[in-house]
Structures are given as structure tokens and as C-alpha cells.
Amino acid sequence: MKWEGNRESDNVEDRRGSGGGFGGRSIGIGTIVIALLGSYFLGINPATIISLLSGGGPVQMQSQEPAQGPPANDQMARFVATVLADTEDTWGPIFRASGANYIKPKLVLFTGQTPTACGTGDTASGPFYCPGDQKIYIDLAFYQTMRDRFRVSSDFAQAYVIAHEVGHHVQHISGITEKVEQAQRSGTQKQANAISVKLELQADCFAGVWAYHANQARSILEDGDVESALKAASAIGDDTLQKQAQGHVVPDSFTHGTSAQRVRWFQRGIEGGDLNSCNTFAARQL
Numbered sequence: 002m003k004w005e006g007n008r009e010s011d012n013v014e015d016r017r018g019s020g021g022g023f024g025g026r027s028i029g030i031g032t033i034v035i036a037l038l039g040s041y042f043l044g045i046n047p048a049t050i051i052s053l054l055s056g057g058g059p060v061q062m063q064s065q066e067p068a069q070g071p072p073a074n075d076q077m078a079r080f081v082a083t084v085l086a087d088t089e090d091t092w093g094p095i096f097r098a099s100g101a102n103y104i105k106p107k108l109v110l111f112t113g114q115t116p117t118a119c120g121t122g123d124t125a126s127g128p129f130y131c132p133g134d135q136k137i138y139i140d141l142a143f144y145q146t147m148r149d150r151f152r153v154s155s156d157f158a159q160a161y162v163i164a165h166e167v168g169h170h171v172q173h174i175s176g177i178t179e180k181v182e183q184a185q186r187s188g189t190q191k192q193a194n195a196i197s198v199k200l201e202l203q204a205d206c207f208a209g210v211w212a213y214h215a216n217q218a219r220s221i222l223e224d225g226d227v228e229s230a231l232k233a234a235s236a237i238g239d240d241t242l243q244k245q246a247q248g249h250v251v252p253d254s255f256t257h258g259t260s261a262q263r264v265r266w267f268q269r270g271i272e273g274g275d276l277n278s279c280n281t282f283a284a285r286q287l
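Those letters in the sequence shown? Residues 2 to 287, per my numbering, in order.
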């Protein structure tokens, strides 16, 4: 993936090495892990689960130190900021074309734990998006996990991680997430899981839409990039993770989709860059 020299977003907040107290009602990472049945790598949308387990409502946080940007010599932070900028440059025009304004999310770098409007963010949860504060949270150690556990290390596969979470932001500001949460509250756990799968697969498709338009505008893709992203999508399917964790799969407990489904919806987005092709909620077959 070609990224060096491209614009870096100034919407990056660096909390690494800072404290930050936790106040009010917070949801522990144990709750998130249980809710996702061990599928705690990539694409986690805490609000979808937390709204079911905690009765909804925002989580209050204590004030933190003033936000700071990452140091200029931090190569990984610069990469993340560049990818975020590229998503801004992609989604802005897409929203404008439909007569809407794109509200840029902030990306927070942290280590260990950090307070969020969705409860306590934890390294073990992997990258996630919190609708309550419209921020994407990531501990950069996750990329080492991708290399060690999934044998995925390309820049584009790492960018896919961010693009997926930005996809959740697009869902939130478009009103999709709110409708999903309402539907989940009125159904059974099995039905809630099925809706969650559709939400996650749509975020995968949105990540593909970003890749298509970014490549059309800025030629970011290099040989092997798409294959590496597909490998990442395949590695974090519910069926693959459950087999690794417990030796068998429980389809009714899926919250993110199978490996094949995640690959298929990312491909659908990147092949044509058409948002209309990402309507997982109307699809007869995922």
C-alpha cells in the first residue's frame, strides 16, 4: 500500500503513556468478551453489545488530560493518521454527493486501558468504534497480534482494520446503528446476534468501498494488497475463531459473520465502490 508522503489526519488523539481515571458506569472488557463469545479480534462494536447488556444510556467518564497528537517520529502512528486521512478524503465526497456532510471521527491511540463513552476500552478487545463519542480506539499492539496469530502483516491489511471501524462510524452517522440497536432490543438473543452479523458485514463492505474510491483517486493499492486484506478478513471470521478457541462452531452465537462472508462482503465493496451493494440487511443470502 502506498501511503508515505500522503496527508496525515489531525484527528488523532494519543493517550499512550497517560493516566486517565474511570468514573460513572463502566462496562468491563470481560462483559464484551463474553458477549462476543471469545471473538475479540477486529471489528468489535461495543455499543451494539453494551446496549443489550447494560440497558442502554451513555457511560459517564471523568475528565482527562488535554488531547495530544502522536510524536512526529512515530512511524506506526503516522501510518494510522495517514489511513484515517484517506478515509476522510474518501467519505467526505461520498456524503457530499448525497447532500450530506461527513462528520470526521477521532482516532484514539491507547495502551492497556482507556475510558470511553462505551465503557472501559481494553487492549484485549481489539480495535473498536464507540458511537457514544464517535471515536475509534486502537492499541497499536494489535498489529503485532495480527502478525503473530493471523500471519497478516501488510500495510493494506492493517489499513483494512481502521477502514472497518470507520465503516461503523459511517453506519452511526447515517442512522443505521440506531435502527439496529432498536431491532436488537425487541428480539431474542439469537435474533440480536443475526442482526449484529449484518452490521459487521456491512462495515466490511464499507471498508471495501473506501479501498475502491481511495485507489481510484490516489492509486494506493499495490500487488498483493487485496489478497492480504482478504486473508485478514478470512482470519477473523466467527467460525474460524471459534474453531481455534473451542474446536467447534456455534452458528447461532455468531456476531461478526463467517470467514467466507467477511471476505465476500469486503470484495463486494472493493469491486465497484457502490454503497448500494452493501445493504446486508436486505440481502437474501449473506
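Positions of the beta carbon are idealized from the N, C-alpha and C atoms, including for glycine.
Nearest-angstrom beta carbon gap, residue j and residue i [assumed within contact, 8 Å]
i: Phe129; j: Glu89; result: Phe129 to Glu89, Cβ: 19 Å. No contact.
i: Arg16; j: Val84; result: The pair is not a contact, with the Cβ atoms about 19 Å apart (cut-off 8 Å).
i: Asp134; j: Thr124; result: The Cβ separation is near 18 Å, so there is no contact.
i: Glu9; j: Ala82; result: 4 Å
With 16 other Cβ atoms within 10 Å as the buried cut-off, status of residue i
i: Ile104; result: exposed
i: Pro263; result: Per the sequence shown, residue 263 should be read as Arg rather than Pro. Looking at its Cβ environment, which holds 16 or more other Cβ atoms inside 10 Å, Arg263 is buried.
i: Gly113; result: exposed
i: Asn216; result: buried
i: Ser193; result: It should be noted that the sequence gives Ala, not Ser, for residue 193. It counts as buried.
i: Glu182; result: buried
i: Gln286; result: exposed
i: Ser191; result: The sequence given here has Lys at residue 191, not Ser. So Lys191 ends up on the exposed side.
i: Ala204; result: buried
i: Ala218; result: exposed
i: Ser197; result: buried
i: Asp226; result: buried
i: Ser126; result: buried
i: Gly120; result: buried
DSSP bridge partner residues for residue i (one or two, in chain order)
i: Leu108; result: Val13 and Ile137
i: Pro71; result: For Pro71, which the question treats as bridged, DSSP gives no partner whatsoever.
i: Thr117; result: Gly120
Close Cβ partners of residue i (< 7 Å) along its chain, the five nearest in sequence each way excluded
i: Phe207; result: Gly168, Val171, Gly270 and Cys279
i: Glu223; result: Met2 and Lys3
i: Arg288; result: Missing from the structure shown is residue 288; the chain here goes from 2 to 287 and no further.
Residue i versus residue j - alpha carbon distance
i: Ile177; j: Ala118; result: 19 Å
i: Ala78; j: Pro72; result: 8 Å
i: Phe1; j: Val153; result: Outside the displayed span of the chain (2 to 287) sits residue 1, for which this structure offers no information.
i: Asn7; j: Ser229; result: 21 Å
i: Tyr213; j: Ala164; result: 12 Å
i: Ala160; j: Ala184; result: 31 Å
i: Ala86; j: Ala284; result: 31 Å
i: Ser175; j: Arg97; result: 13 Å
i: Lys199; j: Glu5; result: 34 Å
i: Gly273; j: His257; result: 23 Å
i: Thr281; j: Trp92; result: 19 Å
i: Asp275; j: Gln145; result: 32 Å
i: Gly209; j: Thr189; result: 31 Å
i: Asp75; j: Gly18; result: 14 Å
i: Thr259; j: Pro132; result: 24 Å
6 Å CB neighbourhood of residue i in its chain, flanking five on each side removed
i: Lys3; result: Ile221
i: Ile122; result: Note that residue 122 corresponds to Gly in the displayed sequence, not to Ile. Only Thr115 and Tyr138 meet the Cβ criterion.
i: Gly44; result: Unreliable positioning characterises Gly44 in this predicted model, as indicated by a pLDDT of 49, which lies under 50. The coordinate reading is nonetheless provided below. Result list for Gly44: His165, Glu201 and His257, in chain order.
i: Asn12; result: Lys105 and Lys107
i: Ala233; result: Val153, Ala158 and Tyr161
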